[in-house]
Each structure stands twice: as C-alpha cells, then as structure tokens.
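Here's the structure we're looking at; comments come further down.
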Amino acid sequence: MLTRREQIDKTIEWIKEMTAKAHCKGVAVGVSGGIDSAVVAYLIKEAFPDNSVGVIMNIKSNPQDKEDGMKVINGCNIEHLELTLDEPEKLILDQVTDQLKEKNIYSEDSLKMTDANLRARVRMGALYAVANNLGYLVAGTDNAAEMYTGYFTKYGDGGVDMLPIANLPKSEVYEWAKELGIHDDLINKAPSAGLWEGQTDENEMGTTYNYIDMVVSGNRENVPEKDLEIIERLHRVSEHKRVPVPKPPIFK
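Numbered per the working numbering, the sequence shown spans residues 45 to 296.
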C-alpha cells in the first residue's frame with residue numbers, strides 16, 4: 045500500500061506524462077479558492093515549477109473566494125493571472141435572454157441555472173485562451189464524488205484535458221491537502237461552487253460528500269435510503285456528462 049505522499053508523487057509523474065504525450069510545455073488550472081482547485085494547483089506546480097499557472101476568474105464572485113484563491117497562489121508560489129469576466133458573461137447572457145424574449149420562448153425559471161452554467165463555460169473559455177497561448181494543457185479539479193454525481197458543468201469545469209484528482213473521494217482530497225501543506229482556512233471552508241450567495245455544494249445536491257464517498261467506495265449499505273436515492277438519481281441523470289459525445293452509426 046502506497047503512502048499518501050507516494051500517491052501524490054505518482055500523480056505528479058502522471059501529470060508530466062500526460063503533458064509530454066500531448067506535446068505541451070506545462071499545465072494551467074482555474075483557481076477558485078476551494079479545496080479541489082487548491083490541491084490541483086499544488087500538484088501542477090510540483091510537476092512543472094516553471095511552467096504552471098493558476099488563473100483566478102471573477103464573475104459575480106464573492107470577494108472571499110478571491111482572497112482564498114490568493115492563499116493558494118501564495119501558498120504554492122505558482123505563477124498566476126487574475127481575469128475579470130463579468131462583462132463578457134453579461135453580454136452573452138443579455139443577448140441570449142433578449143432574443144429568447146423576442147421569440148416568446150424565454151423561461152424565467154431557467155435563468156438562475158443558465159447563468160451559473162454560462163459562468164462556468166466562460167471561465168473555461170478564458171482558461172483555454174491562457175493555456176493555448178502558453179502551450180499548456182488544462183487540468184480539471186473534479187473529484188470522485190463530483191464525477192459520480194455529475195456535479196460539474198458540461199464543457200465548463202468538466203471540459204478539460206486531464207483530471208488529476210478524479211479518483212479521489214472528497215475525504216481523501218482533504219487528506220492530500222494536509223499532506224501538501226495547504227492553508228487550514230481552505231481545508232475548513234464549506235465546499236461551494238460560488239454560484240450564488242450562500243450556495244454550498246451539499247445543500248444544492250441535497251446530500252453530503254460523506255455519503256457520496258461511501259457510495260463511490262462501495263459502502264452503500266450504510267447510506268440512509270433517502271440519501272442513496274438522491275445520489276443514484278444524480279448519477280443516473282448525469283450519465284451523459286461522463287461518456288463521449290454520441291454519434292450515429294454509419295448508415296448504409
């Protein structure tokens with residue numbers, strides 16, 4: 045059984061291998077101020093001390109998220125950029141909304157999630173602009189619990205070149221964070237996608253990361269029935285996020 049540090053070192057080597065296979069020079073990651081992006085930022089900094097970058101991307105963001113993001117940047121001493129993307133995101137959303145209203149097909153009920161998903165996709169577009177310019181790959185920050193439940197935006201935070209912590213249960217992400225020396229404030233922070241004021245991952249999903257970790261690890265018999273139903277429903281409806289884009293057979 046490998047120690048946690050040995051697992052981290054193996055992952056760092058894997059990041060290097062994936063980058064070399066892609067004929068790229070380094071890796072970029074979006075830094076949100078959360079624990080997952082913090083762990084990935086530390087990993088890519090160790091993998092590429094001189095060819096890694098963390099990008100803070102503000103769109104209607106809580107100022108605390110930027111402050112926490114800077115704790116990540118300063119903690120691992122990674123090169124960084126800070127982008128303010130409120131205006132481009134608003135321009136897209138307003139134009140889409142206006143034209144849907146003109147056609148009388150606009151849904152007000154869908155606006156909140158439309159806005160949230162658009163923010164994720166605008167951020168990823170900006171992150172790829174950075175990565176393309178530098179000849180870097182883009183690392184994602186989704187963990188095993190998020191992968192199982194589909195708790196990520198398709199072609200947003202899910203649209204990446206590699207997923208270094210996708211096999212880690214959320215609980216193990218915290219253990220890696222401690223091993224890497226990540227700031228306690230980030231380890232103790234409630235997980236949130238920062239989609240709206242007071243939003244937390246667990247409240248939005250309706251269950252806990254602990255229960256999701258148990259399902260992912262095969263320990264579902266100890267998960268309350270209500271939570272198991274929620275987790276399995278999230279897994280079922282998000283299947284399209286985890287498979288390649290479908291294409292029809294060749295019709296002859």
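Ideal Cβ placement from N, Cα and C applies to all residues, glycine included. Note that the structure is predicted; figures quoted are calculated from it, not measured.
Beta-carbon proximity list for residue i, same chain, < 7 Å, skipping 5 on both sides
{"i": "I117", "result": "V75, G98 and H124"}
{"i": "G250", "result": "I274"}
{"i": "D159", "result": "L137"}
{"i": "S282", "result": "T193 and G194"}
{"i": "C120", "result": "A85, Y86 and K89"}
{"i": "Q143", "result": "none"}
Proximity winner among the options, relative to residue i (alpha-carbon distances)
{"i": "K301", "options": "A85, V84, D53 and F92", "result": "An answer regarding residue 301 cannot be provided, because it is not within the stretch 45 to 296 covered by the chain."}
{"i": "M168", "options": "K222, T197, P235 and G262", "result": "T197"}
{"i": "I122", "options": "L87, Y255 and R48", "result": "L87"}
{"i": "I226", "options": "A82, P268, M191 and L178", "result": "A82"}
{"i": "Y172", "options": "L224, M206 and D80", "result": "M206"}
{"i": "A85", "options": "S151, W220, K214 and Q108", "result": "W220"}
{"i": "P132", "options": "L278, V289, I103 and E61", "result": "I103"}
{"i": "A183", "options": "I59, P290, E50 and K65", "result": "I59"}
{"i": "T128", "options": "L212, E248 and P107", "result": "P107"}
{"i": "K156", "options": "M114, G119 and E248", "result": "E248"}
{"i": "P61", "options": "L181, E152 and G202", "result": "Residue identity check: residue 61 is Glu in the sequence provided, not Pro. Closest option to E61, Cα to Cα, is L181."}
{"i": "Q51", "options": "P288, Q143 and L212", "result": "L212"}
{"i": "N95", "options": "N177, K134, R280 and Q139", "result": "N177"}
Integer Cβ distance of residue i from residue j, believed to fall under 8 Å
{"i": "T63", "j": "V71", "result": "6 Å"}
{"i": "A188", "j": "A210", "result": "6 Å"}
{"i": "E90", "j": "I56", "result": "5 Å"}
{"i": "R165", "j": "Y195", "result": "About 16 Å separates the two Cβ atoms, so there is no contact after all."}
{"i": "I79", "j": "V217", "result": "6 Å"}
{"i": "I256", "j": "I275", "result": "6 Å"}
{"i": "R48", "j": "E246", "result": "R48 to E246, Cβ: 24 Å. No contact."}
{"i": "L230", "j": "D112", "result": "6 Å"}
{"i": "V259", "j": "L272", "result": "7 Å"}
Cβ-based burial, residue i [other Cβ within 10 Å; buried from 16]
{"i": "K54", "result": "exposed"}
{"i": "G262", "result": "exposed"}
{"i": "E146", "result": "exposed"}
{"i": "K270", "result": "exposed"}
{"i": "R163", "result": "buried"}
{"i": "V267", "result": "buried"}
{"i": "I149", "result": "exposed"}
{"i": "D186", "result": "buried"}
{"i": "V29", "result": "Residue 29 cannot be examined here, being either before or after the span of the chain that is shown, 45 to 296."}
Three-state secondary structure assigned by DSSP to residue i
{"i": "V71", "result": "strand"}
{"i": "M45", "result": "coil"}
{"i": "V267", "result": "coil"}
{"i": "G98", "result": "strand"}
{"i": "A170", "result": "helix"}
{"i": "V182", "result": "strand"}
{"i": "H227", "result": "coil"}
{"i": "T55", "result": "helix"}
{"i": "T193", "result": "helix"}
{"i": "L125", "result": "strand"}
Same chain, Cβ closer than 8 Å to residue i, five either side skipped, listed in chain order
{"i": "R286", "result": "M191 and G194"}
{"i": "G179", "result": "C68, K69 and G70"}
{"i": "R264", "result": "M258 and L272"}
Proximal residues to residue i (C-beta, below 6 Å), its chain only, five neighbours per side dropped
{"i": "K233", "result": "none"}
{"i": "D228", "result": "none"}
{"i": "Y253", "result": "A189 and K214"}
{"i": "P1", "result": "No answer is possible for residue 1: it lies beyond the span of the chain, which begins at 45 and ends at 296."}
{"i": "G77", "result": "D109, D112 and G113"}
Residue-level contact to chain B via CB, residue i, 7 Å cutoff
{"i": "K54", "result": "In the displayed structure, chain B is absent; only one protein chain is listed."}
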